[in-house]
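Q:
There are 2 protein chains.
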Amino acid sequence: MSEESYKDKKVITIGTVSELTGLSERQIRYYEERKLIFPARTKRGSRKYSFSDVELLMEIADKREDGLQTYEIRQEMIREKKIEDPKDIRKRMLKGQINARFGVQND
Amino acid sequence: MSEESYKDKKVITIGTVSELTGLSERQIRYYEERKLIFPARTKRGSRKYSFSDVELLMEIADKREDGLQTYEIRQEMIREKKIEDPKDIRKRMLKGQINARFGVQND
DNA sequence: CGTGTAAGGAATTCTGACACG
DNA sequence: CGTGTAAGGAATTCTGACACG
Numbered sequence: 001m002s003e004e005s006y007k008d009k010k011v012i013t014i015g016t017v018s019e020l021t022g023l024s025e026r027q028i029r030y031y032e033e034r035k036l037i038f039p040a041r042t043k044r045g046s047r048k049y050s051f052s053d054v055e056l057l058m059e060i061a062d063k064r065e066d067g068l069q070t071y072e073i074r075q076e077m078i079r080e081k082k083i084e085d086p087k088d089i090r091k092r093m094l095k096g097q098i099n100a101r102f103g104v105q106n107d
Numbered sequence: 108m109s110e111e112s113y114k115d116k117k118v119i120t121i122g123t124v125s126e127l128t129g130l131s132e133r134q135i136r137y138y139e140e141r142k143l144i145f146p147a148r149t150k151r152g153s154r155k156y157s158f159s160d161v162e163l164l165m166e167i168a169d170k171r172e173d174g175l176q177t178y179e180i181r182q183e184m185i186r187e188k189k190i191e192d193p194k195d196i197r198k199r200m201l202k203g204q205i206n207a208r209f210g211v212q213n214d
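Protein chains in written order, with our numbering: chain A, 1 to 107; chain B, 108 to 214.
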């Protein structure tokens, strides 16, 4: 497994992301609620974003300006594989359970 | 002028830097006092660090473990051009003032 | 639907100081 | 010298809710 590059390290707080993107904190949290963005959390619950997240948020902002709804943006992102289709996640997790039950090494 | 890469963008708070480096916030602030590290500041005064800063702090931690004093670490860093020699800074700024006074475009 | 705001609490960060050594 | 800690204040972030539309 390769080290994650700086671009994907989740280290930026929401206030800084707000400055970087020009979006309000409210908007950023809402896009998370709509499953467009997935920040990490510190132990005490603060959101942490990566530079990739910041870029993604700027794309989202552009699409919102073009009049797209969050749901439509989400569909686009799934098509473009920028986020994983929930159906695929369910499939993958089921597979993991099967492997676990039938003795595939996972540790 | 080229865009600064992610590596040099000052966006990480001291708490996160502390986790990333294993250093206490007290240590990180002290190394700043000793001019080994130069965080940016938000409008209200919070320190912001880059990934480069995090790497530098880890080097500092290694050297401290080797028994070097902060002053010695600073000398090494100046020699290695990781930070600028204060004498050079003074020279450069004087030059800037001369240029300004004698009409070199600076805007 | 997408975003603003006021609300109250919890966690973060800041500075200057005292402590030890 | 380098680091810990308690102190008090200011700024940040969180959630759930009400508002408008």
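No residue lacks a Cβ here, since even glycine has one placed at the ideal position from N, Cα and C. Keep in mind the model is a prediction, meaning the values are calculated, not measured.
Tell me the DSSP secondary structure of A:K43 in three-state form.
A: Counted from its first residue, the first sequence places residue 43 of chain A at position 43. If DSSP states are grouped into helix, strand and coil, A:K43 belongs with coil.
Q: Is it buried or exposed, B:R154, if we count other Cβ atoms within 10 angstroms and call 16 or more buried?
A: Mapped onto the second sequence, residue 154 of chain B falls at position 47. Answer is buried; the Cβ neighbour count reaches 16.
Q: Please tell me whether A:L23 has its Cβ less than 9 Å away from any Cβ of chain B.
A: Translated into the one-based positions of the first sequence, residue 23 of chain A becomes position 23. Answer no: the Cβ-Cβ gap between A:L23 and chain B never drops below 9 Å.
Q: Any beta carbon of chain B sitting closer than 9 Å to that of A:K9?
A: For the purposes of this step, residue 9 of chain A is identified with residue 9 of the first sequence, where counting begins at 1. So, interface residue.
Q: Whose C-alpha, out of B:T120, B:S112, B:E111 and B:V124, is nearest the C-alpha of B:V161?
A: For this step, residue 161 of chain B is matched to residue 54 along the second sequence. Closest option to B:V161, Cα to Cα, is B:V124.
Q: Have a look at the DSSP bridge pairing and note the partners of A:K48.
A: To locate residue 48 of chain A, count along the first sequence from 1; it is residue 48. Paired residues: A:A40.
Q: Less than 9 Å separating the beta-carbons of A:S52 and A:V11?
A: As a working note, residue 52 of chain A is residue 52 in the first sequence. As a working note, residue 11 of chain A is residue 11 in the first sequence. Contact flag unset, no.
Q: Identify the contact partners of A:I12 in chain B, using a Cβ-Cβ distance below 8 Å as the criterion.
A: For the purposes of this step, residue 12 of chain A is taken as the residue at position 12 of the first sequence. In chain order: V118 and I119.
Q: Beta-carbon within less than 8 Å of B:L143's beta-carbon, same chain only, minus the 5 sequence neighbours each way: which residues are those?
A: Counted from its first residue, the second sequence places residue 143 of chain B at position 36. The answer, listed in chain order, is L163, I167, T177, I180, R181, M184 and I190.
Q: Nearest chain A C-beta to B:F158 closer than 9 Å, yes or no?
A: Position 51 of the second sequence, counted from the first residue, corresponds to residue 158 of chain B. Taking Cβ atoms only, chain A reaches closer than 9 Å to B:F158, which makes this a yes.
Q: Check each residue of the stretch 57-77 of chain A: if its Cβ is closer than 9 Å to any Cβ of chain B, include it; give the result in chain order.
A: Answer set for the stretch 57-77 of chain A: empty.
Q: Please list the segments of the alpha helix (DSSP H) lying wholly inside the stretch 70-98 of chain A, counting only runs of 4 or more residues, in order along the chain.
A: List check, alpha helix (DSSP H) in window: 70-79.
Q: If we ignore side chains and look at the alpha-carbon of each, how far apart do B:P146 and A:N99 end up?
A: By one-based count along the second sequence, residue 146 of chain B stands at place 39. By one-based count along the first sequence, residue 99 of chain A stands at place 99. Cα-Cα distance, rounded: 48 Å.
Q: Please list, in chain order, all residues of the same chain as B:K116 whose beta carbon is under 7 Å from its beta carbon, the five residues on each side excluded.
A: Translated into positions along the second sequence, residue 116 of chain B becomes position 9. Within the same chain, B:K116 has close Cβ partners S157.
Q: Can you pull the chain B residues whose beta carbon is under 8 Å from the beta carbon of A:Y6, in chain order?
A: Position 6 of the first sequence, counted from the first residue, corresponds to residue 6 of chain A. The answer, in chain order, is Y113, K114 and F158.
Q: Are B:Y113 and A:K7 closer than 9 Å when you measure CB to CB?
A: Looking up residue 113 of chain B in the second sequence gives position 6. Looking up residue 7 of chain A in the first sequence gives position 7. Yes, these two residues count as a Cβ contact at 9 Å.
Q: With DSSP as the reference, identify every bridge partner of B:I167, one or two as the case may be.
A: As a position in the second sequence, residue 167 of chain B is number 60, starting the count at 1. B:I167 is not bridged to any residue.
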